[in-house]
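Participant: Using numbering that gives the first Met the number 0, read the sequence shown as starting at 0 and increasing by one per residue. Idealized CB from N, CA, C, for every residue including glycine. Quick one: structure below, then a few questions.
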Amino acid sequence: MTVDILPGRVGPLGARPDEHGTNFAVSSGGDKVTLCLFDGVGAETQLVLPERDGDIHHGYVPGVGPGQAYGFRVDGPFDRSRGLCYNPAKLLLDPYARAIHGDVRFGSEVLGYTIDNPGAPSPVDSAPFVPRSLVTAPAAAPVTPGPGHALADTVLYEVHVRGFTARHPGVPERLRGTYAGLVHDAVIAHLVDLGVTAVELLPVHHNVPESFLVERGLTNYWGYNTIGFFAPHAAYSAEVRAGRPGGQVGEFRAMVDALHAAGLEVVLDVAFNHTAEGGPGGPTLCHRGLDNAAYYRLDPADPSRYLDTTGTGNSVNTADATALRMVMDSLRYWVTEMGVDGYRFDLAPTLGRESSDQFDPFSAFFDVVSQDPVVSQVKLIAEPWDVGRYDSYDVGRFPPLWSEWNGRYRDTVRDWWRSNGGLLPDFASRLCGSADIYDHPEEGRRPSASVNFVTVHDGFTLSDLVSYNGKHNEANGEGNRDGTDDNRSWNCGAEGPTTDADILALRARQQRAFLVTLLLSAGVPLLLGGDELGRTQRGNNNAYCQDNEITWFDWSAVNPDLLRFTKNVIALRRAHAVFRRRRFSAGSAGPDLRWFTPAGTEMTQANWADPEARSIALFIDGATDPDVTADGRPMLDDDFLVLVNAWWEPLTFQLPPEYRAGNWEVGCDTFDPAHSGAVIGQTQVGPRSVLVLRSARRNTAA
0 MTVDILPGRV
10 GPLGARPDEH
20 GTNFAVSSGG
30 DKVTLCLFDG
40 VGAETQLVLP
50 ERDGDIHHGY
60 VPGVGPGQAY
70 GFRVDGPFDR
80 SRGLCYNPAK
90 LLLDPYARAI
100 HGDVRFGSEV
110 LGYTIDNPGA
120 PSPVDSAPFV
130 PRSLVTAPAA
140 APVTPGPGHA
150 LADTVLYEVH
160 VRGFTARHPG
170 VPERLRGTYA
180 GLVHDAVIAH
190 LVDLGVTAVE
200 LLPVHHNVPE
210 SFLVERGLTN
220 YWGYNTIGFF
230 APHAAYSAEV
240 RAGRPGGQVG
250 EFRAMVDALH
260 AAGLEVVLDV
270 AFNHTAEGGP
280 GGPTLCHRGL
290 DNAAYYRLDP
300 ADPSRYLDTT
310 GTGNSVNTAD
320 ATALRMVMDS
330 LRYWVTEMGV
340 DGYRFDLAPT
350 LGRESSDQFD
360 PFSAFFDVVS
370 QDPVVSQVKL
380 IAEPWDVGRY
390 DSYDVGRFPP
400 LWSEWNGRYR
410 DTVRDWWRSN
420 GGLLPDFASR
430 LCGSADIYDH
440 PEEGRRPSAS
450 VNFVTVHDGF
460 TLSDLVSYNG
470 KHNEANGEGN
480 RDGTDDNRSW
490 NCGAEGPTTD
500 ADILALRARQ
510 QRAFLVTLLL
520 SAGVPLLLGG
530 DELGRTQRGN
540 NNAYCQDNEI
550 TWFDWSAVNP
560 DLLRFTKNVI
570 ALRRAHAVFR
580 RRRFSAGSAG
590 PDLRWFTPAG
600 TEMTQANWAD
610 PEARSIALFI
620 DGATDPDVTA
630 DGRPMLDDDF
640 LVLVNAWWEP
650 LTFQLPPEYR
660 AGNWEVGCDT
670 FDPAHSGAVI
680 GQTQVGPRSV
690 LVLRSARRNT
700 AA
């Protein structure tokens, strides 16, 4: 293969083709960067990038276009005591590659150091053992704008691209587990009928599994092991599966367009906190060989070691301009060129740790995000914890633009429906948007700062939450030692599957109580995909390495009653503005909220302080101090009484005297979903249940 390389102009990094060739640019602190072009049989042509501006090495190669496979080699010092890991024997991926093709074949060949002498560079060529970057064509058309749902109106649905359709009978086998399969008519119909407004996709950035999982015959199913922050994961592409490398890019864009056309937004779960290269003993695949100190946080006392707040061996160094630019360029790319509507940031505090190693909500990363004209306008959701530091739990500490996974919501709601005592004030706060965490006048945050969840990918499914007291992770190969022991679950009387009718009925009631609490709480509800179907993972609460029937949706075992109930509750939320408040109410003194005992009397301080209290009634006024629409119209609504009984016996609630004249009708009953009709004076609420009453006594406009 014979090509020429010419001086290129500095512009966007990565491979940027035009009609005559491709400009290659990459950031590296090395002395020399060599572009390696591969033909169809794997033969390699090496060309030194001739130009350098600062740390940007670049050059233009005429005649090279979309589909070209390439990588880089970097010459420079190898001195791990100074954090320098340059080794031209290692073929490196382009960190800005729009598509990646091939797999890592783990072995000593992909290590940058010599096994017998870790201080010396390995002379073994890694090219036969690592994937290639691919040149891709520019998008032929602009992305289709998303529906632009307000955060307060959003219902998130967390789902895995592969697992969602891997066994779906309505999806052709060639499309199952792919981006194209996710937008098959049968799948779109399920999402639209369910009523969610956004799919939150587990990581779709190109990732590779850890070597120890490969050795066990497992893989990193969740995908939190990124190596390509601009490339859709190739294994989820029907185009790649059909023999068209690079087709994942267009397929992903088509998926986003189809979801937008159905009124659904796309939120990506992204892991910018670390990469797949792991700790110092891990492989050299990309960032480590380009500029180790720029991309990773090193220990100042010993630069051969990484500062690790992710539990993966490394942490991305957003205090460095090179790493920060890559993160921001990636975020902007997926919005402007791929059409996504927002992000959920895995282990987000790590992105805000700079030289002091403390989490700083005013760090460079958060400042740059707030100033970016593209990224600042999309949905930004933080997982507000990382690992290993005294300040690793940072719920409520993120900047005003951000929403957060509310771990306190999960813990409180799980404990409440186990009928634990002493939780009434905390439960009431979670139900009303967690003002105690987010309502700080100097910040101006809204209830939508709280992303409420009971279950997510990490932990039990909803069905398992009410079916298991302990984890059952034996399939992971770690002796059931992995995964949390703090499940706050209750098996309702039997561990795992049972035929006992009373236990099954109780489990069904518990699931309905969780769903109503989640979907009618102020804030943004996040529903774990499959919870509406009764999906189980057989008690596995850490199924990150299970790409099989443990994690795939079993569409042959759908619980139709649970699915119908979930649809109805989502529809109730979306139909009534009082459940989607954009402003905090001021607790018990708020003009639109009042709290009552089951006897119908106003709650007192003594009532709130009672550690044995497990029941309460909440009156929501739909006309007093309502939210307003964008054009200033009041969002008038019906009045609601939410009667909550966490006791294990039925309880009679007296309607408050001042509201007994209302035309109260059953809107939702988690004890008996078929319950309907009028309520006058008093009503019974079943054990561990919620009864929602509605008084449609006003003309409403939403």
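#1: Assign P559 to one of three DSSP states: helix, strand, or coil.
#2: Answer with yes or no whether the minimum CB distance from P656 to chain D is below 8 Å.
#3: How long is the line joining the alpha carbons of W221 and E250, rounded to whole angstroms?
#4: Scan the segment 612-669 and note each continuous alpha helix (DSSP H) run of 4 residues or more that stays entirely inside, going in chain order.
#5: Can you check DSSP and say which residues form a bridge with W384?
#6: Under a three-way DSSP split, which group does D481 fall into?
#7: If you run the structure through DSSP and keep just helix, strand and coil, what is H205?
#8: Which one or two residues does DSSP pair with P440 in a beta bridge?
#9: Starting from L36, trace the beta strand (DSSP E) both ways and give me its first and last residue.
#10: Looking at the structure shown, is G492 part of a helix, part of a strand, or coil, going by DSSP?
#11: How is the alpha helix (DSSP H) around V546 delimited, first residue to last?
#12: Nearest CA to the CA of G666: which residue from A119, V577, V641?
#13: Measuring straight from C-alpha to C-alpha, what distance separates G75 and P383?
#14: What's the C-alpha gap between V465 and D192?
#15: Excluding sequence positions up to five away, which residues of its chain have a Cβ less than 7 Å from the Cβ of R15?
#16: Spatial neighbours of G586 within its chain, please: C-beta separation below 6 Å, excluding the five flanking residues on both sides.
#17: Given this structure, state the Cα-to-Cα distance separating P625 from A695, to the nearest angstrom.
#18: With which residues is T516 paired in a DSSP beta bridge?
#19: Put K566 into one of helix, strand or coil per three-state DSSP.
#20: Would you mind listing the beta strand (DSSP E) stretches within the segment 131-202 that are 3+ residues and don't spill past its ends, in chain order?
#21: I need the DSSP call for A701, collapsed to helix, strand or coil.
#22: So, helix, strand or coil for Y295, using DSSP?
#23: Give the single residue among V523, Y408, L532, A673 whose Cα lies nearest to the Cα of R445.
#24: State the Cα-Cα distance for the pair V239 and L5, rounded to the nearest angstrom.
#25: With DSSP run on the structure shown, which of helix, strand or coil describes E473?
#26: Identify the continuous alpha helix (DSSP H) that holds G13 and give its terminal residues.
#27: How big is the Cα-Cα spacing for P597 and S449?
#28: Can you name the start and end residues of the beta strand (DSSP E) that V73 belongs to?
#29: Helix, strand or coil for T321? Go by DSSP, reduced to three states.
#30: Taking only the alpha-carbon atoms, compute the straight-line gap between A24 and G58 and give it to the nearest angstrom.
#31: Look up C84 in the DSSP assignment and give the residues it is bridged to.
#32: What is the rounded straight-line gap between the Cα of E403 and the Cα of H159?
#33: Terminal residues of the continuous alpha helix (DSSP H) containing L48?
#34: Assuming R487 and R417 form a contact by the criterion Cβ under 8 Å, report the distance between their Cβ atoms to the nearest whole angstrom.
#35: Where does the unbroken alpha helix (DSSP H) through Y408 begin, and where does it stop?
#36: Just to confirm before moving on: does the CB-CB distance between G482 and N541 stay below 8 Å?
Facilitator: Looking at the atomic coordinates:
#1: By 1-based counting over the sequence shown, the position of residue 559 is 560. The three-state secondary structure of P559, taken from DSSP, is helix.
#2: Among the chains of the structure shown, chain D does not appear; only one protein chain is present.
#3: Within the sequence shown, residue 221 is the residue found at index 222, counting from 1. Within the sequence shown, residue 250 is the residue found at index 251, counting from 1. Straight-line Cα distance between these residues: approximately 20 Å.
#4: none
#5: Numbered from 1 along the sequence shown, position 385 holds the residue referred to as residue 384. Answer is Y392.
#6: Your numbering for residue 481 matches position 482 in the sequence shown. The answer is coil: DSSP assigns D481 none of H, G, I, E or B.
#7: Walking along the sequence shown from the start, residue 205 turns up at place 206. Strand at H205.
#8: Taking the first residue of the sequence shown as position 1, residue 440 is located at position 441. Answer is none; P440 lacks a bridge partner.
#9: Counting from one through the sequence shown, the residue named residue 36 turns up at place 37. Start and end: 31-37.
#10: Here residue 492 is taken as the residue at index 493 of the sequence shown, counted from 1. Three-state result, G492: coil.
#11: In the sequence shown, residue 546 corresponds to position 547, counting from 1. In the sequence as presented, Val is not what sits at residue 546; that position holds Asp. No alpha helix (DSSP H) contains D546, which DSSP labels as neither H nor E.
#12: Taking the sequence shown and counting its residues from 1, one reaches residue 666 at position 667. Comparing Cα positions, the closest option is V641.
#13: In the sequence shown, residue 75 corresponds to position 76, counting from 1. In the sequence shown, residue 383 corresponds to position 384, counting from 1. The straight-line gap from Cα to Cα measures roughly 38 Å.
#14: Mapped onto the sequence shown, residue 465 falls at position 466. Mapped onto the sequence shown, residue 192 falls at position 193. C-alpha separation (whole angstroms): 26 Å.
#15: Here residue 15 is taken as the residue at index 16 of the sequence shown, counted from 1. Correct list, in chain order: T21, N22.
#16: One-based indexing of the sequence shown puts residue 586 at position 587. Low per-residue confidence applies at G586: pLDDT is 44, beneath 50, and the placement is therefore not dependable enough to give any value.
#17: As a position in the sequence shown, residue 625 is number 626, starting the count at 1. As a position in the sequence shown, residue 695 is number 696, starting the count at 1. Their backbone Cα atoms lie some 16 Å apart in a straight line.
#18: Locating residue 516 in the sequence shown gives position 517, counting from the first residue. None, per the DSSP bridge assignment.
#19: As a position in the sequence shown, residue 566 is number 567, starting the count at 1. In this structure, K566 counts as helix in the three-state DSSP scheme.
#20: 131-133, 155-158, 197-200
#21: By one-based count along the sequence shown, residue 701 stands at place 702. Low confidence applies here, because A701 scores a pLDDT of 45, under 50, leaving its location unreliable and the question unanswered by this model.
#22: Reading the sequence shown from its first residue, position 296 is the one you call residue 295. Correct three-state label for Y295: strand.
#23: Along the sequence shown, one-based indexing puts residue 445 at 446. Considering only alpha carbons, the answer is V523.
#24: Here residue 239 corresponds to residue number 240 of the sequence shown, with the count starting at 1. Here residue 5 corresponds to residue number 6 of the sequence shown, with the count starting at 1. One C-alpha to the other measures close to 32 Å.
#25: Residue 473 sits at position 474 when you count from the first residue of the sequence shown. E473: helix per DSSP, three-state reduction.
#26: Residue 13 sits at position 14 when you count from the first residue of the sequence shown. It is not in any alpha helix (DSSP H) - G13 instead sits in the beta strand (DSSP E) that spans 13-16.
#27: Here residue 597 refers to the residue found at position 598 when the sequence shown is read from its first residue. Here residue 449 refers to the residue found at position 450 when the sequence shown is read from its first residue. Near 28 Å, if we compare the C-alpha coordinates of S449 and P597.
#28: Reading the sequence shown from its first residue, position 74 is the one you call residue 73. Note, V73: beta strand (DSSP E), 68-74.
#29: If you number the sequence shown from 1, residue 321 lands on position 322. Of the three classes helix, strand and coil, the one that applies to T321 here is helix, per DSSP.
#30: Translated into positions along the sequence shown, residue 24 becomes position 25. Translated into positions along the sequence shown, residue 58 becomes position 59. Going from the Cα of A24 to the Cα of G58 covers about 7 Å.
#31: Within the sequence shown, residue 84 is the residue found at index 85, counting from 1. F77.
#32: Locating residue 403 in the sequence shown gives position 404, where the first residue counts as 1. Locating residue 159 in the sequence shown gives position 160, where the first residue counts as 1. One C-alpha to the other measures close to 20 Å.
#33: Residue numbering aside, residue 48 sits at position 49 when the sequence shown is read from its first letter. Element bounds for L48: n/a, residue is neither H nor E.
#34: Numbered from its first residue, the sequence shown carries residue 487 at position 488. Numbered from its first residue, the sequence shown carries residue 417 at position 418. R487 to R417, Cβ: 7 Å. Contact.
#35: For the purposes of this step, residue 408 is taken as residue 409 along the sequence shown, with counting starting at 1. Here the alpha helix (DSSP H) through Y408 covers 406-416.
#36: What you label residue 482 is simply residue 483 of the sequence shown in a count that begins at 1. What you label residue 541 is simply residue 542 of the sequence shown in a count that begins at 1. Against a cut-off of 8 Å, the Cβ pair of N541 and G482 comes out as a contact.
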